[in-house]
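Okay, so the sequence shown: first residue is 48 according to my numbering, each after it adds one.
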Amino acid sequence: MNLIFMGPPGAGKGTQARQIAEKYSIPQLSTGDMLRAAVKAGSEVGLRAKAAMESGGLVTDDIVIGIIGDRIDEEDCKGGFILDGFPRTVAQAEALKGLLADRSMTIDHVIDITADNEALVARITGRSTCSKCGEGYHNQHKAPATAGICDKCGGALATRADDNEATVRNRLEVYDTQTAPVMDFYKNSGSFKSVDGMQSMDDVFKSLCNILG
Ligand code: AMP
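Set out below in structure tokens:
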């Protein structure tokens with residue numbers, strides 16, 4: 048099963064993709080995670096991506112298209128994958144179409160997780176993630192028992208550098224201007240569905256499972 052999860056920053060794409068990946072035993076391909084790893088490693092891609100990521104802008108299409116093209120050829124993608132945070136521009140969607148056609152692959156579902164912008168700012172600025180196991184936390188809705196420590200594995204919680212209010216507002220604007228048009232690219236494909244991301248995390252997960260079967 049090949050899936051695309053869309054939605055503004057903070058809508059819950061990453062959290063849901065992680066759970067769906069586990070349930071269906073397919074990898075979650077998050078361009079954001081891959082780029083953050085590249086920045087941390089100081090690779091050439093990381094050096095090229097760093098400034099755009101810090102400001103909340105988009106990394107250039109050629110970088111992310113290259114990353115995804117390489118990643119879907121890996122062995123663990125043979126049984127399917129979830130694209131989380133890609134495509135984010137119409138040019139990326141066009142390139143993905145070509146990448147998939149070359150490999151005789153198709154997308155089964157494109158799912159847009161919708162949310163309200165003001166709620167997203169509050170959600171994003173309060174979140175943190177375990178640097179060891181990836182479990183997500185929020186200082187209002189899901190605070191860890193001990194500040195800064197993961198309840199599940201004891202790992203240290205980290206806050207993303209781009210999860211501050213000014214950058215978040217820029218990311219939302221970038222989403223509205225550059226990523227929302229990608230929806231039109233898929234809307235007539237028959238595989239496009241929307242899920243209300245303002246529901247509880249459990250209910251969003253149930254809605255996704257209903258769609259995926
Ligand atoms: P995310 O973790 O999906 O919120 O992505 C974090 C940041 O990585 C974004 O704000 C962008 O700077 C960059 N990024 C992630 N995916 C893409 C993409 N498909 N195209 C361009 N930039 C991206």
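Where is the CB? At the ideal position from N, CA and C, for every residue including glycine.
- Nearest C-alpha to residue 235 among 244, 151 and 158: 158.
- For residue 209, the Cβ falls inside the 7 Å cut-off from some heavy atom of the ligand AMP.
- Rounded to the nearest whole angstrom, the C-alpha separation of residue 120 and residue 72 is 17 Å.
- Proximity of the beta carbon of residue 128 to the ligand AMP is not indicated: no heavy atom of the ligand is located closer than 7 Å.
- Relative to the ligand AMP, even the nearest heavy atom lies 7 Å or more away from the CB of residue 213.
- For residue 172, the closest alpha carbon among the candidates 210, 143, 249 and 251 is that of 210.
- For residue 249, the enclosing alpha helix (DSSP H) stretches over residues 248 to 259.
- Around the beta carbon of residue 139, 16 or more other beta carbons sit within 10 angstroms, so the residue counts as buried.
- With a cutoff of 8 Å on beta-carbon distance, residue 244 and residue 162 are scored as near each other.
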